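Chains as they are written, first to last, in this note's numbering: chain V, 2 to 730; chain G, 222 to 448; chain H, 95 to 174; chain Z, 95 to 174. Even for Gly, the Cβ is constructed at its ideal location relative to N, Cα and C. Predicted model, so just to flag it, every value in this text is computed and none were measured.
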Amino acid sequence: MEVNEKIALDHGLKTEEYKKICDLLERTPNLTELGIFSAMWNEHCSYKSSRLHLKKLPTKGKKVIQGPGENAGVIDIEDGDAIVFKIESHNHPSFIEPYQGAATGVGGIMRDVFTMGARPIANLNSIHFGSPQHKKTKNLLRGVVHGIGGYGNCMGVPTIAGQTSFDSSYNGNILVNAMTLGLVKKNKIFYSKAAGLNKPVIYVGSKTGRDGIHGASMASASFDEKIEEKKPTVQVGDPFTEKLLLEACLELMAGDSIIAIQDMGAAGLTSSSIEMASKGNLGIEINLNKVPCRETKMTPYEIMLSESQERMLIVLENGKEEKAKKIFDKWNLDFAVIGKTTNSKNIELFFDNERVANIPVNTLVENSPMYNRKWKKSKPPKKNKIKKETLNKLKIKDVLKKVLSNQNICSKEWIWQQYDHTVMGDTIQKPGGDSGVVRIHGTNKAVAASVDSSAVYCWAHPLTGGKQIVAESWRNLISVGAKPIAITNCLNFGSPENEDNMGEFVECVQGIGEASKYLNFPVVSGNVSFYNQTKDVGIKPTPSIGGVGLIIDYKKMVTMDFKEKDNLVLAIGKTEGHIDQSLFARSILDEKNGPPPEVNLFNEKNNGETLLHIIENDYIKSAHDISLGGLLTAVSKMCIKGNKGIKFKKFKNFINEIEYFFSEDQGRYIIEIKPEDLKKVRNILDKNSVHHEEIGTIIDNEMIINEKTKVTIDELRSYNTNWLNEYMK
Amino acid sequence: MKSSVITFPGSNCDRDMDVALKKFGFKNEMVWHDDNELPKSDLVVLPGGFSYGDYLRCGSMAAKSKIMQSVINFAKSGGLVMGICNGFQILVEAGLVPGVLLRNKYLEFICKNVFVKINNKDNPYFKNSDKDVFEFHIAHNEGNYFCTNDQLKEIEDNNQVAIYYCSNNGKTEETFNPNGSLNNIAGIFNKEKNVLGMMPHPERMIDKSLSGEDGSLFFKNLINNIK
Amino acid sequence: MKISAIITLKKDVLDPQGKVIHQALDGMGFNNVNEVRQGKYFEIDVKENDPKKAKEIVEKMCSKLLANLVIENYKIIEIQ
Amino acid sequence: MKISAIITLKKDVLDPQGKVIHQALDGMGFNNVNEVRQGKYFEIDVKENDPKKAKEIVEKMCSKLLANLVIENYKIIEIQ
Ligand SMILES: Nc1ncnc2c1ncn2[C@@H]1O[C@H](COP(=O)(O)OP(=O)(O)O)[C@@H](O)[C@H]1O
Ligand SMILES: [Mg+2]
């Protein structure tokens, strides 16, 4: 087939982009070459709309071993150990086929981690669905949860934390973001940079089929009426093969045969081979007849663009082929020498003794398009004037019941009980807490991880929203006693070609950057997912932040369940009564306007670091950060988990009771301490100028809010746990 | 005491079991499914996981692997063989214990703590156990024990039920049945009681920082009984 | 009356189960196999005695629930 | 040649999947169902052109691996 502009447009390229390809090649590309360009230059692989802005993120730090640019980020956790981690989206495939879409998302992110030599030790996920009333929501939720569990459970990697939300803006475009942490020795990290001439290029794993051809382009195109036609591009995950691939790769990695290794993710063989060549400033030659294929008569085009899962590309040291093959044979996996590194600096493909493609690697990578898209700055919304009378009319108990049973606050046990969260025998904090925590096998250390997002805040004011999620991630780590180290981010937005959506992106990224810089919480990896929209309407901007922290002595880990009667409960950080954009305002007053709560980075840092210091001194019996749903929600969850009650003190604040209990001011935590430690704890807080107040005392089985209002813990629990169970029946 | 843990392709609790056995004094060896010979052992363990991806039927393909012939011979000669979770499914498929394990009643994977009541202490696994009710951890998709009426009668006549799902104080009622198992059965023996298959994972409960410590009691008791 | 439905994966869709079963059969000495594909089978007893109508009902069930048309095909194969 | 095998649960064996599917169908408004039973379906391509021999091979596969005869029955249903 002759390539022309129309075919280029059908491949999702723009007219100028097609011209640029012809100019760079000084000829018209053939179809295989065009396919390669379209895969490499689409949004998903080239980051053409986001690169300019991502550059501004802080990516360096004392603990950062590898920042963005590799398969995953790597941080130092001392004693020669390192954690490899990253988050990635699989939104569009999951909407089309929730089980397989979510499963292959989990499979993909695990490969990104073990391709660097790390054994995955924990999975997390951030999943967002449309309104519970929407007719598709229930099946999508069930399918996604089964898919995540189906893959992760089979791999034997515990899923230790996650996040789930419902919002009608996801009705036609759900979000599925998967995150994995892996453990590696600092001196045994593997990278994707090829080196040396005439080194064998090896294909291992599953065979190549016609899966997801154009999947990467699908991820870069928004949903429209024609979605049905895109169905056949869905891939089926094979977690069993991935488990074998993991073991085989780690076995090979234990030796010294590998020069470079790279998983085949989006754009399969194309992006993996080109990335390795590009990083090594080399050429690569592949004989496509050698690629193990599942179907007969696959064309070079199909082989190069297939997104079959569970495959890896390796550049080996010469003479190590036999040894490597033995390992893959043992694990019953395909192994083929398909090419070699060259000094041509081109990617050259051969098929049936003919050269079917010849492209300079730099044209695909360095010369890929980069856009400075138009974007609109958002205006800070005006504060709402909520009348005191409106608030005074409400009964606290009624509000509490509604808030605790709200779909975005209620217990997600129905979900995480379907994830194996205890396999590997090191999970010391299960899902349901502020962060999941796993021990580093055989040591006293543990790592904590959490994944967060707040689309509502980001939608109301992207800059503040961006800062807020980073701050929330930081708080979630501190609440379990972990020192925050670094984050990964998955940026889910609408179309970058829409100025409003692009504005949301730019400002969220700016917010994320400011907060992570201030908190010394650098970004080490991530992923951008644009075109999350139905027709012209984008989703609410939803950056997900995955934070990772270290606990030096796992025995000092903190949990959120109230521990002991007569202990004192303190609130750290000031409650100002910011109600706009709170869950209370949105779901009970049905008030959707106004600014999100302000994020004061000085307070965040100071409050968090001071709390960490108090934890290190063993004064904290339980802790929990205050987030969605405000102070009373936070305390309720601590009561439910600990099966203990609380008697609140009369509070001295000048604000209304409802504002006090349900506002979402940032930088706050609830802590439990022993009465005899009060003085010492206060001293530390005062010395660091951390605002705090004593809010109550732990009692047995009921929550006494004021003279008139009491709730039993069983009631609290039923408010909180019933919604999702009932909904999924 | 010597133990062997078999690794099948897709096993994923093999390391956890190795750690647990060693912690309580076993000299453990890992054995590859494709080997022909078992090393000399006092206990052979088929660990949990997803052998062969749980494809076809859980445990069906692992039951046909090379090493299983030696395991079967070992069991037939009275050797102790314990299958946990997927290991239980393999035992069933290999015909070493009666019955089958079907999909959980609500078709959902379940990962949580449960209580189990020991039904029979006249065997090396539970002899001398101080407790009658253990808090154990389960994590499975196919733990719904089923057998025919005739088989059930035989199992009961021979006192082959090892543990039942129950409440924290030992009530074996349907409410405490997590997966739809026949009569709340969570684990069974072969006739001779040297082979035990059970769904719960004691190896995930060997440290108070984990889901609990009743697994420690189980292993301590086990090694003392074998000595 | 009882109607059967067979659901199979579309041609180019990976069948991980079939693949592994193929390998297992091979290991057991059945080396004369080109390919194994696994599907699902349903036997549905519907309150309807007209074969044509019964088949129509089952067909609807297939397209609405039993089969995932993104990756699967179905056929109504037999009436007993 | 291609041989198909259908594996079904024996009559008195509990079928949790069939039961849940029955409930789901009911919830979708298919209230004319007496029972749903789920089984497995295999399409096996064997290197054997004699239908009788091919069927025999598949029958052996069923009895040795594909079916668990304690709870399942199989039948070789068709030759294409
Ligand atoms: N939002 C982001 N912030 C920081 N780094 C990012 C972001 N998005 C992508 N990156 C980095 O860009 C690189 C390429 O990402 P990606 O294409 O998602 O990787 P892969 O090819 O492994 O799927 C990775 O190193 C990733 O960490
Ligand atoms: Mg990658």
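Exercise. V:F522: which of V:P121, V:S474, V:S406 and V:R356 sits nearest, CA to CA?
Worked result: V:S474
Problem set entry | Integer Cβ distance of G:S291 from G:N257, believed to fall under 8 Å | 7 Å
Problem set entry | Residues, ordered as in the chain, of the region 320–331 of chain G that lie near chain H by beta-carbon distance below 8 Å | none
For this session: Identify whether V:G548 lies in helix, strand or coil by the three-state DSSP scheme.
Result: strand
Exercise. First and last residue of the beta strand (DSSP E) that includes G:C332?
Worked result: DSSP places G:C332 inside the beta strand (DSSP E), whose first and last residues are I331 to I339.
For this session: Sort V:P361, V:D264, V:E308 and V:I410 by Cα distance to V:D168 and report the nearest one.
Result: V:I410
For this session: With a cut-off of 8 Å on the beta carbons, I'd call V:N363 and V:K346 a contact; round off their distance for me.
Result: 7 Å
Problem set entry | Interface partners of G:M282 on chain H, CB under 8 Å | V114, I115 and A118
Exercise. Z:N162 versus chain G: which residues are under 9 Å apart at the beta carbon?
Worked result: R278, S281, V313, E314 and V321
Problem set entry | chain Z within 8 Å of H:I165, Cβ atoms only | Cβ-Cβ to chain Z under 8 Å: no for H:I165.
Problem set entry | CB contact check: V:T105 to chain H, cutoff 8 Å | no
For this session: Tell me where the beta strand (DSSP E) around V:C731 begins and ends.
Result: Since the first residue of chain V shown is 2 and the last is 730, residue 731 of chain V is not available in this structure.
For this session: From the DSSP output, in three-state form, read off V:M180 for me.
Result: strand
For this session: Starting from the C-beta of V:K232, find all residues in its chain whose C-beta is less than 7 Å away, skip the five residues before and the five after it, and write them out in chain order.
Result: In this prediction, V:K232 scores a pLDDT of 42, lower than 50, which makes its location untrustworthy; no coordinate-derived value is stated.
Exercise. So is G:D275 in contact with chain V if we call contact Cβ pairs under 8 Å?
Worked result: yes
For this session: Determine the DSSP secondary structure at V:L478, reduced to helix, strand or coil.
Result: helix
Exercise. Nearest to G:K333 by CA position, among V:T423, V:L32, V:G281 and V:K396, is which residue?
Worked result: The shortest Cα separation from G:K333 among V:T423, V:L32, V:G281 and V:K396 belongs to V:T423.
Problem set entry | H:I101 beta carbon less than 8 Å from that of H:K134 | yes
Exercise. Where does the unbroken beta strand (DSSP E) through V:D567 begin, and where does it stop?
Worked result: No beta strand (DSSP E) contains V:D567, which DSSP labels as neither H nor E.
Problem set entry | Top-ranked residue by Cα proximity to V:P755, from V:M503, V:F241, V:S307 and V:S664 | Outside the shown range of chain V (2 to 730) lies residue 755 of chain V, about which nothing can therefore be said.
Exercise. Going along chain H in order, which residues have a C-beta closer than 9 Å to the C-beta of G:K285?
Worked result: A118, G121 and M122
For this session: Kindly list, in the order they appear in chain Z, the residues whose Cβ is closer than 8 Å to that of G:G229.
Result: According to the sequence displayed, residue 229 of chain G carries Phe and not Gly. Within chain Z, no residue comes near G:F229; the closest Cβ sits about 15 Å away, beyond 8 Å.
Exercise. Are the C-beta atoms of V:Y48 and some chain G residue less than 8 Å apart?
Worked result: no
For this session: Would you grab the beta carbon distance between V:C509 and V:G466 for me? Rounded to a whole angstrom, and I think it's under 8 Å.
Result: Contact between V:C509 and V:G466 holds, with the beta-carbon distance rounding to 6 Å and staying under 8 Å.
Problem set entry | Chain-ordered neighbours of H:L159 on chain Z, where CB pairs are closer than 9 Å | I115, A118, L119, M122 and F124
Exercise. Hey, does H:P145 have any beta-carbon neighbour from chain G nearer than 8 Å?
Worked result: Output row for H:P145: interface = no.
For this session: Report back the beta-carbon spacing between V:A261 and V:G281 to the nearest angstrom; my notes put them in contact at under 8 Å.
Result: The distance from the Cβ of V:A261 to that of V:G281 is about 7 Å, consistent with a contact at the 8 Å cut-off.
For this session: Check whether the Cβ atoms of V:W376 and V:E500 lie closer than 8 Å to each other.
Result: With a cutoff of 8 Å on beta-carbon distance, V:W376 and V:E500 are scored as near each other.
Exercise. Buried or exposed: where does V:G514 fall if 16 or more other Cβ atoms within 10 Å of its Cβ makes it buried?
Worked result: buried
Exercise. What are the residues of the region 233–253 of chain V that lie near chain H, defined by any Cβ-Cβ distance shorter than 9 Å?
Worked result: P233, V235, Q236, V237, G238, D239, P240, F241 and T242
Problem set entry | Beta-carbon neighbours of Z:V107, restricted to chain G and to distances below 9 Å | V321, L323, F367 and T369
Problem set entry | Outcome for G:N405 when other beta-carbon atoms lying within 10 angstroms are tallied against a minimum of 16 | Of the residues assessed, G:N405 falls on the buried side of the cut-off, its CB having 16 or more other CB atoms within 10 angstroms.
Exercise. Taking 8 Å as the CB-CB cut-off, is V:M330 touching chain H?
Worked result: With the sequence shown as reference, residue 330 of chain V is identified as Asp, and Met is not the correct amino acid for it. Chain H contact via Cβ: absent.
Problem set entry | First through last residue of the beta strand (DSSP E) which encompasses V:S628 | For V:S628, no beta strand (DSSP E) segment is defined, and its DSSP state is neither H nor E.
For this session: State buried or exposed for G:L184, treating a residue as buried only when at least 16 other CB atoms are found within 10 Å of its CB.
Result: The structure shown does not extend to residue 184 of chain G, since chain G is modelled only from 222 to 448, so the question has no answer here.
For this session: Can you say whether V:N721 is buried or exposed, counting buried as having 16 or more other CB atoms within 10 angstroms of its CB?
Result: buried
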